[in-house]
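Worksheet for the structure shown next.
2 protein chains.
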Amino acid sequence: MTFEQLRTFFWVARLGGFRKASEQLNLSQPAVSTRIATLETELQAKLFDRGAGALILTKHGQQLLGYAEQMLFVEEEIKQRVGNPSEAEGLFRIGASETVAQAWLPEFIQAFSAAYPRVNVDLTVDISKDLRAALLERRLDLAVLMGPISEFSVTNVALPEFALHWYKAAHLKDVDLARMPVISYASQTRPYRELTSALARKVGPKMRVFSSASLSASLRMIAAGIAVGPYPRVLAAPFLAAGEVVEFDPGIAVPALEFTASYLAEPRSFLVEESAGIMGQVAATWHAAHPG
Amino acid sequence: MTFEQLRTFFWVARLGGFRKASEQLNLSQPAVSTRIATLETELQAKLFDRGAGALILTKHGQQLLGYAEQMLFVEEEIKQRVGNPSEAEGLFRIGASETVAQAWLPEFIQAFSAAYPRVNVDLTVDISKDLRAALLERRLDLAVLMGPISEFSVTNVALPEFALHWYKAAHLKDVDLARMPVISYASQTRPYRELTSALARKVGPKMRVFSSASLSASLRMIAAGIAVGPYPRVLAAPFLAAGEVVEFDPGIAVPALEFTASYLAEPRSFLVEESAGIMGQVAATWHAAHPG
DNA sequence: GCGGTTTACGATGAACGTAACAATA
DNA sequence: TATTGTTACGTTCATCGTAAACCGC
Numbered sequence: 012m013t014f015e016q017l018r019t020f021f022w023v024a025r026l027g028g029f030r031k032a033s034e035q036l037n038l039s040q041p042a043v044s045t046r047i048a049t050l051e052t053e054l055q056a057k058l059f060d061r062g063a064g065a066l067i068l069t070k071h072g073q074q075l076l077g078y079a080e081q082m083l084f085v086e087e088e089i090k091q092r093v094g095n096p097s098e099a100e101g102l103f104r105i106g107a108s109e110t111v112a113q114a115w116l117p118e119f120i121q122a123f124s125a126a127y128p129r130v131n132v133d134l135t136v137d138i139s140k141d142l143r144a145a146l147l148e149r150r151l152d153l154a155v156l157m158g159p160i161s162e163f164s165v166t167n168v169a170l171p172e173f174a175l176h177w178y179k180a181a182h183l184k185d186v187d188l189a190r191m192p193v194i195s196y197a198s199q200t201r202p203y204r205e206l207t208s209a210l211a212r213k214v215g216p217k218m219r220v221f222s223s224a225s226l227s228a229s230l231r232m233i234a235a236g237i238a239v240g241p242y243p244r245v246l247a248a249p250f251l252a253a254g255e256v257v258e259f260d261p262g263i264a265v266p267a268l269e270f271t272a273s274y275l276a277e278p279r280s281f282l283v284e285e286s287a288g289i290m291g292q293v294a295a296t297w298h299a300a301h302p303g
Numbered sequence: 012m013t014f015e016q017l018r019t020f021f022w023v024a025r026l027g028g029f030r031k032a033s034e035q036l037n038l039s040q041p042a043v044s045t046r047i048a049t050l051e052t053e054l055q056a057k058l059f060d061r062g063a064g065a066l067i068l069t070k071h072g073q074q075l076l077g078y079a080e081q082m083l084f085v086e087e088e089i090k091q092r093v094g095n096p097s098e099a100e101g102l103f104r105i106g107a108s109e110t111v112a113q114a115w116l117p118e119f120i121q122a123f124s125a126a127y128p129r130v131n132v133d134l135t136v137d138i139s140k141d142l143r144a145a146l147l148e149r150r151l152d153l154a155v156l157m158g159p160i161s162e163f164s165v166t167n168v169a170l171p172e173f174a175l176h177w178y179k180a181a182h183l184k185d186v187d188l189a190r191m192p193v194i195s196y197a198s199q200t201r202p203y204r205e206l207t208s209a210l211a212r213k214v215g216p217k218m219r220v221f222s223s224a225s226l227s228a229s230l231r232m233i234a235a236g237i238a239v240g241p242y243p244r245v246l247a248a249p250f251l252a253a254g255e256v257v258e259f260d261p262g263i264a265v266p267a268l269e270f271t272a273s274y275l276a277e278p279r280s281f282l283v284e285e286s287a288g289i290m291g292q293v294a295a296t297w298h299a300a301h302p303g
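Going down the list, the protein sequences come from chains A and B.
So for the first sequence, my numbering puts the first residue at 12; every next one is plus one.
So for the second sequence, my numbering puts the first residue at 12; every next one is plus one.
Here it is as structure tokens:
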């Protein structure tokens, strides 16, 4: 019995096929067959029922799956704890919403990089909807998005929320939301949905809502007096400091942005779980230093 | 990282030397060197301090030792639980005192053999003192002896005790322990020690004590009227049934024989722990059916 | 017939044992 | 000098990928 056999068995069971597992493991498909066959021979037990359409775990297979997962997690734990953690190598694929990318994400990456100086980081910035899909397709190791993701396969770690404040150009006096466009996050995001819903109740059908996938572009439009909108204070900070925009209260409450660090629960990864913990600390520290 | 590396590391750490580990593993000594070196390279951590006389675990090595032991136990657990337990192969070396060998040991071996039909059994019958030494030198997997063994490295499972009764030849009338020799277990056993101690207090220096390493020979001597002595009723049963010996009370209390199933605590072995459990059940059942 | 698994086989590479070497007490 | 760990090297055996055969919808 080897770790490679258990790892192979795990992925075959989890992905439901020899071919899918072979892709996950960067292996030829016959190699996967061989490994499983060898494992079955060694244990003197059939692990899969090959008959009915898809692959189905036998009773023995179900038992082994639990053990295999435990083994693989402890193996990674050894590599991280016993082996010099700073010597861990590999690629850590992180996806984040632009808001956090402009807030504390640099600090997080700095902290992560310090803890794992030899791990490469691949950062993707996208809207939560796409991050979610990427995570579920295993194209990301960790996603920071407006969560939580309601899938049994995903673990969500709550992060501090970002309060939203309304901003308008400094030179504007009265703002009539029936005339002045409101700008918000990209159209397929939760803040956009919630804003349009609130606006519809308050202003009615005359409302105009712009959406922009670029937060800095949005803020520049607000500074230019083209639109007004609710954003986290951290994004408006440079414009506030320059006196270009000011906060105001249009009487429309928008809920704070709730972010989570989300990752696939299986297979458990020490690196990912550890990173989510670091992220929680960094975010909490950052929010303590940036109230509002 | 492979199971063989972890197993090798475990034995090097536990036995305190590459050479000793190579013997335990039936491997050449350079092969052990290679495995440890590879493991150290993979983990980027030195596991042993080779300098001062004997091998000393580094901090990393100490951490790994715990993980390695856990891994090896789970590996065996998989082989027993997931793999068909009845397909388990190997050799199970059991040592026992003659008393249990003549009592419930056949029933135990039958039960064990039924549970593990493909495991070979090697049975040694000897006095507790030698069984103890054999166990500590890893020449036995499980020892049934007058325990417990007070070593931190040994796990003792208490078994039902054997009450002792005094027997004499049926045709004898009065028995004067100052004249009639008393026969007991072999000289280096606990019952012998306890008996001589009690006799010395009661009878004084005139006492005569024989010792015999063969229980059946002892009983035959008692039946012949050569001596009297305290034995478990199970051993006397055939002589009682034949009317050759009878129980009597010389007024000397001898404590019951306390047996334990003892085995080395490390490395944990699923087979051994399971066997000790079976033994406890068999012994309890047997004693319930053979009171006194 | 087609997606997916098993079988066949040649080639590569990891790991072993023997033997020589080095270090330590 | 005896004991123990390391280095060197030729060999063996496990495992991989390619290619072909083999199912079950």
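From the three backbone atoms N, C-alpha and C, an ideal C-beta is built for every residue, glycine too.
{"Asked": "Three-way DSSP call (helix, strand, coil) for I194 of chain A in this model", "Found": "strand"}
{"Asked": "Beta carbon proximity, K90 of chain A to chain B, threshold 9 Å", "Found": "yes"}
{"Asked": "Bridge-paired residues (DSSP) for W297 of chain A", "Found": "Note: W297 of chain A sits in no beta bridge, so no partner."}
{"Asked": "Cut-off 7 Å between Cβ atoms - residues of its own chain near V111 of chain B, not counting five sequence neighbours on either side", "Found": "V155, F270"}
{"Asked": "Inter-residue Cα distance where the pair is G27 of chain A and L66 of chain A", "Found": "6 Å"}
{"Asked": "8 Å CB neighbourhood of R279 of chain A in its chain, flanking five on each side removed", "Found": "E80, L83, F84, E87"}
{"Asked": "Beta-carbon proximity list for L36 of chain B, same chain, < 8 Å, skipping 5 on both sides", "Found": "R18, T19, W22, V43"}
{"Asked": "Nearest residue (CA-CA) to A234 of chain A, options A:K57, A:A247, A:K217, A:F119", "Found": "A:A247"}
{"Asked": "Within 9 Å, strictly: CB atoms of E109 of chain A and L210 of chain A", "Found": "no"}
{"Asked": "Nearest neighbour of A181 of chain B, chosen from B:L38, B:P41, B:F259, B:L268 [CA to CA]", "Found": "B:F259"}
{"Asked": "Option nearest L153 of chain A by Cα separation, candidates A:T200, A:E277, A:Y242, A:L54", "Found": "A:E277"}
{"Asked": "Listed by chain order, chain A residues near L54 of chain B by CB distance under 9 Å", "Found": "I89, K90, V93, G94, N95, E98"}
{"Asked": "Assigned exposure category for G262 of chain B - 16 Cβ within 10 Å defines buried", "Found": "exposed"}
{"Asked": "Assigned secondary structure, E148 of chain B (DSSP; H/G/I helix, E/B strand, else coil)", "Found": "coil"}
{"Asked": "Local conformation of A154 of chain B per DSSP, three classes", "Found": "strand"}
{"Asked": "Range covered by the beta strand (DSSP E) that runs through E88 of chain A", "Found": "Counting along the chain, E88 of chain A falls outside any beta strand (DSSP E), though it belongs to the alpha helix (DSSP H) covering 70-92."}
{"Asked": "Length of the line joining the Cα atoms of V165 of chain B and M290 of chain A", "Found": "46 Å"}
{"Asked": "9 Å Cβ cutoff met for K90 of chain B and M12 of chain A", "Found": "yes"}
{"Asked": "Inter-residue Cα distance where the pair is L76 of chain B and R212 of chain B", "Found": "52 Å"}
{"Asked": "Close-in-space but distant-in-sequence residues of the same chain around A169 of chain A (CB under 6 Å, 5 per side omitted)", "Found": "T271"}
{"Asked": "Minimum length 3: unbroken beta strand (DSSP E) runs contained in the stretch 205-287 of chain A", "Found": "220-222, 240-243, 256-259, 270-275"}
{"Asked": "Burial state of E100 of chain A (16 or more Cβ within 10 Å)", "Found": "exposed"}
{"Asked": "Residue-chain proximity (T45 of chain A, chain B), Cβ-Cβ < 9 Å", "Found": "no"}
{"Asked": "Chain B contact for Q81 of chain A (CB, 9 Å cutoff)", "Found": "yes"}
{"Asked": "A181 of chain A (DSSP reduced to helix, strand or coil)", "Found": "coil"}
{"Asked": "R30 of chain A, buried or exposed, once every other Cβ within 10 Å from all chains shown has been counted against 16", "Found": "exposed"}
{"Asked": "Length of the line joining the Cα atoms of V239 of chain A and K217 of chain A", "Found": "15 Å"}
{"Asked": "Secondary structure of L36 of chain A, DSSP reduced to three states", "Found": "coil"}
{"Asked": "Per-residue contacts from F14 of chain A into chain B (C-beta, under 8 Å)", "Found": "M12, T13, F14"}
{"Asked": "Within chain B, partners of V85 of chain A - CB distance below 9 Å", "Found": "Y78, Q81, M82, V85"}
{"Asked": "Continuous alpha helix (DSSP H) stretch holding A125 of chain B: start and end", "Found": "116-126"}
{"Asked": "Within-9 Å CB hit, Q74 of chain B to chain A", "Found": "yes"}
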